[in-house]
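First up is the structure itself, then whatever we jot down about it.
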Amino acid sequence: MSTSSASVQMEEVRGRAQTLLSSSGSAQDVKADVQTMASVALPLSEKYLHVSAEDMLRENSAGRNKQEVLESLNRLVKALSILEKYGCNLTCPTRPRYWRSVKHNNPVFRTTVDAIKGGRRVLYLYGYTSQQVDGLSFPDEVQNPDVERVAAVTLEVMTLRTEVDMIVKGTHPHLEHFQDIIPSVIPPVISQAQLVTDSVMKLPGEEQQQGDRPQVLPLLANPAQVLKPSTGSATASECSLCGGVASLFCSSCDNPHFCDACDDLFHRHPNRATHKRDKLQQNKPNTCTICGIAAVHTRCSTCLQRLCLKCDKLYHSHPDRKGHNRTITTPAKTSSPSLSPWECAHCTTVNEMRAVLCTTCERPRLATPSSTVQESAVSLPASPNAEWQCKSCTVVNQGSSILCEVCERPRLATRPQVSAEMSSLRSDSKWTCQFCTYVNNKPSSVCEICSMSPKDSGGFSLPQSLQQTPCSTRDQPQVGTRPQPLPRVNLELKRQNTMKEDGLSLVRHIRDAEKRGISPEEVYAALCVCGSSNVNPCDWLTSELPHLLDEICAMAASVQLNYKMGNSGMQPMGERDAEDSKQSGPTSTDGGMKLSRAEAKQAWLKVGGDTEKAVRQLLRDRKVKMRELHSLGFQDAAQCEEALRQSGGEVKGALSLLQRPLLEAFHQRVWTVQPEPPIDPKHPDKQRMCRRLLALYDLPSWGRCELVLSLLQEPGVTYSLEDVVQAVKESHDRDFIRRLLNNECPVCLCIFPRSKMQSLTSCQCSVCLDCFSQHFTIAVRDKHIRDMVCPGCGEPDINDPEKLDSYFSTLDIQLRDCLEPEVYDLFHKKLTEHALMKDPKFLWCCHCTSGFINEGDQLKVTCLSCHKSFCAQCKKAWEPQHQDVSCEQFQLWKRENDPEYQKQGLAGYLRDNGITCPHCRFQYALTKGGCMHFSCSQCRYQFCSGCNNPYHKTKCKPECTYNGMHAHHPRDCLFYLRDWEPARLQALLQRSGVEFNTDPSNGAQTDECGVMEQKDEGGQQVDSPCGTKTQPGQAGLCNKHYGEYLVSLINAHSVDPALLYDLNEVIRACERYQVDKQRGEGEDDNAYHARLLKKLMDVPLGEKVPRNK
């Protein structure tokens, strides 16, 4: 095949396989295509476009001999199979949960992919490009892997794994491409003259090409005609030892071929027991490569396929394959076992030709009768990456796993054998317990003595001496055999019965002792002492054990005393122990050893109830404890013995008793009532001061303590020790600490440390704690809640609702600790009223300053504080004449029938139509004259009394051009119309047909204006009459208030004052409204005035200006 045709075939198969893998993610779907790609005769550089195959082979084929190189290539095959699974997981539509990362601590990854060179480069090609602490992962911005790229890389990994596997097994068709890469494995090139040409079928047009390509072997027509290959070939059919049919080869022995019997014999040697064997791949060139059943009819030299007649017609019917070069061949007439039913060699069952396992015994098709004995020893998988079935639990596991996923038995472990002894014991009525050797006469799941189940033995079988002969063997003696002697059986039975009775008695005593709080060890020791009598061990422990313990203590003291006096009596400790006791440890001066019952009891239990041994053990234990106390510095033996006696032999308790007198002076100093002397920074013992700082103030280091002392020793220091310690805890920079300790309060102008100052969240000002507390105490008691701002800068802006809510939520936390309880409660009350004002049903009383929520829908409401009634709509005091009439009708009635109201004249009218806060709807009986900037006393809302627009301190919107205090007044606001003369206002009303008053009402005062207005007197807002001289023709009002009266009529009837604007006034109004005032070329004043006036009047009047409804 030419290189161009091989490249075309490679690209065609690669594209088909890549599309299939990217859609399904299954390696089985592209297995045939991968085998085809691996068999294409192309150099590695042209076959692998993504993976650097040559570099991976060179880096992972190091070794001193062929055996080591093959082992390296086997490791490469395992690693490539794991990388193949990573790629298939990424291309699978249902990816695993943790597909984004690969952990280095994974044992499979560490022993396979990370054990070869170039494995991580493949992971980089998959997309694992982000290096983590514990592995590799996809970058965070990548949501899904590039399936097309991953599929292409995975195909090359699968192809390389297939090629390396064929190289190891010696079945690769084009080894000439690997001679320069793996020279130690690839055999030398066979010349063309050494080939047997009689058995070769040459395709048309290839006769001249054989000399040019001596390394490429042509396709073979009949495998029976091929020369017998060397032992290094994985396709040889003869055993290297007996010459029979070979079924497997050993890669550890330089690839010799063996049959099943020879393999069992050869690898039984201990040095060869761990060799790895693989089954031989049986090449079937006479069967179709697609269906695998029919005989080959056509060979295609373009796609390297051997096809039967039907598969050839179907496969080459595709338009892209119609031009392939195909040759018709005649297959050899051989009886293939795959074309006919086959007989199982083990159970002789005749199975169908497509069956792989026997339908009766489920043994493989190629299994031999000899494999029944050592079934699992020779049935190795054909490839280390193929799936394998556990012989114990029959679970199918992955090819890369070593242990079974269910039973965790090794891959090569045989089926567990059933113990013949166990089966015989369980089949009879009698069975022997494998834990206590008791013979149970009745069939049960647990032993009568130890309550252990025979299933817990784990396959353990009894020795032959302990196994009992079944009773059936005695009843049915065989002919010619002598009967077994009966006395032996009776003695054994007696021993078993005695063992049962003793065991049951011990269990009964232990259960009774547990109810009385006695341990099993004490019961066992008591039985050793009084076992021959009928005394209950629990009763003996209560009555006789204390006397025995006193006797043990006395015996131990006597032995110790006799030894000191040189007596050669009983020496339980031995000569070496006595010599050690003489040379080391504190010695008693009073001649007697003080022992306790607790020590004697521990020694008595430790030796199992033997009195003499208990005496020896007690002396040994006491010697060890005295030696330990001696090592801790306590040399007085009498004190040590007394402490051990009082503590019951416990070293910790004795140590506590011995240390108590030594710590008495320290305890007296600690618990004294005298005050601790203060820390003096100028004390000569600097280390002592630093230690006290560390103990009292929990400073982080010794250097910080020295820094505190050095700061306190600086000249002119006025701050306290606590302030310096707090600042040093925050930083070790001396300059920064000085800035923390020197902060000026903007209110009292005193210097305070930063820890004694308070800051609000709305600004950067820091105020001392006293000024902060006093400011907010006065604000809560005497001012409105909107006055609770920073005393330094006046922030935040109370008119901003968003800032107001967040500000009060944090201010509440800060005021909780600095205000007195009654002041804090008052703050909460005002804060609640502020929140209630946002409710549309909230009403302010016109008689007092209280507010409440009105749930009713009637006009008459009664205040809950002063119990006076008023109108919920017009906010006027309630009168009987207001019943069942509207507020306008009631106001008209008062003007016509109330003498007091008529006496007030227009002053009463201005009072009734006074200022209403647009924020809280509180009404003021005041006129709108004077300063138009009005501040509500209830909610501190700042607005214009003429148009109700809010006042702003800074730019209110991006297009605003005002940086200071301003309000955007409309053109009909009193802010602009108050500068007009009354005659001009009257002319505007007359032009619009609105009537107005010029004469005062009967009885009204005409000398001074009596309209109430808000005045600033002594820093306080006071309501008082105007008092200005009145002018004739102005209805008894001053010039200012009469103009206010006329403007109220203009606003009530929505009269546009632009009707009387001259040209300059129109231009200024257009500038305020940002109306285009560009004058046309040659346009006269009248036309320009008319055009601007028309544009100006298109701008609506003020939306919040009070008008008639």
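Numbering (our numbering), first residue to last: 333 to 1441. Think of the CB as a built atom: it goes at the ideal place given N, C-alpha and C, for glycine as much as any other residue.
Within a Cβ cutoff of 6 Å, which residues of the same chain sit near residue i, ignoring the five residues on either side of it in sequence?
i: C1341; result: C1358, T1360, T1362, L1369, C1370, H1373
i: A385; result: L376, L492
i: K435; result: D466, G467
Mapping DSSP to helix, strand and coil, what is residue i?
i: W720; result: strand
i: G985; result: helix
i: T619; result: strand
i: D586; result: coil
i: H1373; result: helix
i: E931; result: helix
i: T1360; result: coil
i: H1421; result: helix
i: K379; result: helix
i: V1159; result: For the sequence presented, residue 1159 should be read as Phe rather than Val. Note: F1159 maps to helix in three-state DSSP.
i: C1080; result: coil
i: L389; result: helix
i: R1303; result: coil
i: L408; result: helix
i: H1179; result: coil
Which residues does DSSP pair with residue i in a beta bridge?
i: N683; result: W674
i: I1185; result: F1174
i: D652; result: Note: D652 sits in no beta bridge, so no partner.
i: G467; result: K435
i: A627; result: T619
i: L639; result: T630
i: S1201; result: T1194
i: Q1090; result: V1099
i: W763; result: N772
i: V577; result: E570
i: E1345; result: S1356
i: E1340; result: K1361
Please classify residue i as buried or exposed, where buried requires at least 16 neighbouring CB atoms within 10 angstroms.
i: V728; result: exposed
i: K501; result: buried
i: G575; result: exposed
i: R1020; result: exposed
i: V956; result: exposed
i: H1064; result: exposed
i: N603; result: exposed
i: H1265; result: exposed
i: C1180; result: exposed
i: C623; result: exposed
i: F1275; result: buried
i: P742; result: exposed
i: Q1318; result: buried
Grab me the residues of residue i's own chain with a C-beta within less than 7 Å of its C-beta, minus the 5 sequence neighbours each way, in chain order.
i: R814; result: In this predicted model, R814 has a pLDDT of only 46, less than 50, meaning its place in the structure is not dependable enough to derive any value.
i: C1125; result: C1095, C1097
i: F1104; result: Q1090, C1150
i: F1174; result: L1168, G1183, I1185
In its own chain, which residues sit with a C-beta less than 8 Å from the C-beta of residue i, not counting the 5 before and 5 after it?
i: L1028; result: I1011
i: E291; result: What is shown of the chain runs 333 to 1441, which leaves residue 291 out entirely.
i: K398; result: S516, V517, D586
i: S1201; result: K1192, V1193, T1194, C1195, A1209, W1210
Give a single yes or no on whether residue i has its beta carbon closer than 7 Å to a heavy atom of the ligand NAD.
i: E1211; result: Annotation note on the ligand NAD: not contained in the displayed structure, which lists no ligands.
* Asked: Would you call the stretch 348-365 and the stretch 634-645 touching, i.e. three or more CB-CB distances under 8 Å?
  -> no
* **Meets three-Cβ-pair contact criterion under 8 Å: the stretch 950-958 and the stretch 877-897** => yes
* Given 8 Å, three or more beta-carbon pairs between the stretch 361-369 and the stretch 420-427 -> The stretch 361-369 vs the stretch 420-427: no contact.
* Asked: Are the stretch 953-964 and the stretch 976-988 in contact at 8 Å, needing three or more beta carbon pairs?
  -> yes
* Are the stretch 1211-1226 and the stretch 1273-1293 touching, with three or more C-beta to C-beta distances below 8 Å? -> no
* Asked: Do the stretch 438-446 and the stretch 469-486 touch if we need at least three Cβ pairs shorter than 8 Å?
  -> Contact fails: fewer than three Cβ-Cβ distances are below 8 Å.
* Asked: Are the stretch 1141-1160 and the stretch 1184-1192 in contact at 8 Å, needing three or more beta carbon pairs?
  -> no
* Asked: Do the stretch 1278-1289 and the stretch 1109-1127 meet, that is, are 3 or more Cβ pairs less than 8 Å apart?
  -> no
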